[in-house]
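Residue numbers (our numbering): 2 to 409.
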Amino acid sequence: MKITDAKVFVGGPAKNYVTLKIMTDQGVYGLGDATLNNRETLPAAYLQDYLIPNLIGMDPRNSEDIWQFFYRGAYFRRGPIAMAAFGAIDMALWDIKGKLANMPLYQLFGGKSRDGALVYAHATGADLDDLMDSIAAYVALGYKAVRVQCGIPGMPTASYAVPDKPGTNNNYISDFSGIRPKVEIWNTDLYMRFMPGALAEIRARFGPDLKILHDVHHRLTPREAAEFAKAVEPVGLYWLEDPTPAEDQNALRMLRQHSTVPIAIGEVFNSIWDCNKLIEQELIDFIRVAVTYAGGITHVKRIVDLAGLHNVRTGFHGAPSHSPISMAAQHHLNAWAPNFGIQEYLVLGTPACDALFPSGHKMENGMVFVSEAPGLGVDFDEAEASKYTYSPGSHPVVRLEDGTIWDY
Ligand code: KDG
Ligand code: MG
Numbered sequence: 002m003k004i005t006d007a008k009v010f011v012g013g014p015a016k017n018y019v020t021l022k023i024m025t026d027q028g029v030y031g032l033g034d035a036t037l038n039n040r041e042t043l044p045a046a047y048l049q050d051y052l053i054p055n056l057i058g059m060d061p062r063n064s065e066d067i068w069q070f071f072y073r074g075a076y077f078r079r080g081p082i083a084m085a086a087f088g089a090i091d092m093a094l095w096d097i098k099g100k101l102a103n104m105p106l107y108q109l110f111g112g113k114s115r116d117g118a119l120v121y122a123h124a125t126g127a128d129l130d131d132l133m134d135s136i137a138a139y140v141a142l143g144y145k146a147v148r149v150q151c152g153i154p155g156m157p158t159a160s161y162a163v164p165d166k167p168g169t170n171n172n173y174i175s176d177f178s179g180i181r182p183k184v185e186i187w188n189t190d191l192y193m194r195f196m197p198g199a200l201a202e203i204r205a206r207f208g209p210d211l212k213i214l215h216d217v218h219h220r221l222t223p224r225e226a227a228e229f230a231k232a233v234e235p236v237g238l239y240w241l242e243d244p245t246p247a248e249d250q251n252a253l254r255m256l257r258q259h260s261t262v263p264i265a266i267g268e269v270f271n272s273i274w275d276c277n278k279l280i281e282q283e284l285i286d287f288i289r290v291a292v293t294y295a296g297g298i299t300h301v302k303r304i305v306d307l308a309g310l311h312n313v314r315t316g317f318h319g320a321p322s323h324s325p326i327s328m329a330a331q332h333h334l335n336a337w338a339p340n341f342g343i344q345e346y347l348v349l350g351t352p353a354c355d356a357l358f359p360s361g362h363k364m365e366n367g368m369v370f371v372s373e374a375p376g377l378g379v380d381f382d383e384a385e386a387s388k389y390t391y392s393p394g395s396h397p398v399v400r401l402e403d404g405t406i407w408d409y
């Protein structure tokens, strides 16, 4: 069996999805997602200029060897661009494998460990009242877990707190007016003063059963993160995400010594080498990698297995930048993983998105039920894709009030 061709598409409804389609001499094709938010053209170019010419003629069933060939063969290893490109190939090869076996992918991993996978939504508000309404709207839809982000009084609204209601297919993380980023101002003191009380009010209003998650977006120092974690301990958070910049792994040690709040980190990691120490030293509770920019199913499965040895559960990244293709890959991993925790799940299901990526995966009452279709269980409509083009976008950058660059 041979790979005969592969194509890359960049674009989508209010997103620049990077979609890979790998064709074979047996008529079976596979789909992959290489969307690297706001840098989408880079994995696309890596695929087009180097990886696809090498893929043609290879046996698509040898997904492990192909992964090793590209990863080790690159010599300059890792990095989000390369790992997103390898990830898309890997997803597409697993899709082909599942279709050849006539089985949904989770069966090839070892079958189902659960009936449905718990997900969390993003509730956001410009202020606490607005946030309460957003949470209430998700609870009314049956969500059992919500990430809560709130505008901070006295601080210009942070990008992650742009008002979001179910069904809006929120695009808060990209500004499509060009590649020059908008600037946001951050003030740690205001955040530290306001947010613990806001979280306590949310707990009081929604009761003990709602799983409440909060994302600090890498903005605290280790000492501040420890202070914050202690302050929010009575709230009983499901997790505190990215309390400190992700590169400084020792930062989490101080937090651990001062608090038992569960810690989730890893959405910016792209290999097992970015998180093996955190996992082995049991400094985290949830690992947040995504199949998209952590090398696909083959590599993320290794991370999941390592995490399982250390009681670290999964909480894969699922921001709206991921296309339904990588989300499908994660739905299959979530159905199988013995150490599954939760899945971030944004409202992808707009009619335009469903038309571009027809899928059999279902979300009901805050749980995802995996498709029984062979392979990934998601398709890609090329006629629909021809309606979209790439539009350059950017994440904001964050500065302190004196102009110092801070973490987004
Ligand atoms: O591209 C950046 C986004 O993926 C990120 O801002 C979203 O922090 C995020 C999250 O937890 O989904
Ligand atoms: Mg996050």
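The beta carbon of each residue, even a glycine, is placed where N, CA and C say it ideally should be. This one's a predicted model, so the numbers in the text were calculated from it and none came from an experiment.
Taking all protein chains in view, the Cβ of Trp-95 is crowded by 16 or more other Cβ atoms within 10 Å, so the residue is classified as buried.
The beta carbon of Glu-402 is closer than 7 Å to those of Ile-186, Asn-188 in its chain, skipping five residues each way along the sequence. Look at His-323: its beta carbon is at least 7 Å from all of the heavy atoms in the ligand MG.
Excluding residues up to 5 positions away in sequence, Arg-204, Pro-209, Ile-213 lie with their Cβ nearer than 8 Å to the Cβ of Gly-237 in the same chain. If one requires a minimum length of 3 residues, the beta strand (DSSP E) runs lying completely within the region 255-327 are 264-266, in chain order. Pairing Ala-15 with Phe-195, the inter-Cα distance amounts to about 33 Å. Residue ranges of uninterrupted alpha helix (DSSP H) with 4 or more members, entirely inside the region 212-252 and ordered along the chain, are 223-233.
Per DSSP, the beta bridge partners of Ala-118 are Val-369. Counting other Cβ atoms within 10 Å of its Cβ, Gln-344 reaches 16 or more and is therefore classed as buried. Ala-226 counts as buried, since no fewer than 16 other beta carbons sit within 10 angstroms of its beta carbon.
Residue Thr-245 holds the alpha-carbon nearest to the alpha-carbon of Asp-408 among Asp-60, Asn-63, Thr-245, Ile-304. About 21 Å separates the CB atoms of Leu-101 and Phe-71; that is not less than 8 Å, and the two are not in contact. Leu-211 is the residue among Leu-129, Leu-211, Pro-54, Ala-85 whose C-alpha sits nearest the C-alpha of Val-140. In this structure, DSSP gives Arg-400 an extended state, which the three-state scheme calls strand.
In the displayed model, Thr-189 falls within a helix according to three-state DSSP. Scanning the region 40-90 from its first residue to its last, the whole alpha helix (DSSP H) runs of 4-plus residues come out as 42-47, 53-56, 64-74. Taking 8 Å as the cut-off, the beta carbon of Ala-201 is found no closer than this to the beta carbon of Pro-154.
Counting only residues of its own chain and dropping the five nearest sequence neighbours on each side, Ala-356 has a CB closer than 6 Å to the CB of Glu-385. One alpha carbon belongs to Leu-347, the other to Asp-134, and they sit about 17 Å apart.
Between the region 295-307 and the region 326-338 there are three or more C-beta pairs closer than 8 Å, enough to call the two in contact. Counting along the chain, the unbroken alpha helix (DSSP H) around Met-133 starts and ends at 129-141.
Annotated as proximal: Val-371 and Ala-336, with beta-carbon spacing under 8 Å. If you check the CB distance, Gly-88 and Gly-267 do not come in under 8 Å.
Residue range 19-25 is occupied by the beta strand (DSSP E) that includes Leu-21. For Tyr-107, the enclosing alpha helix (DSSP H) starts and ends at 106-110.
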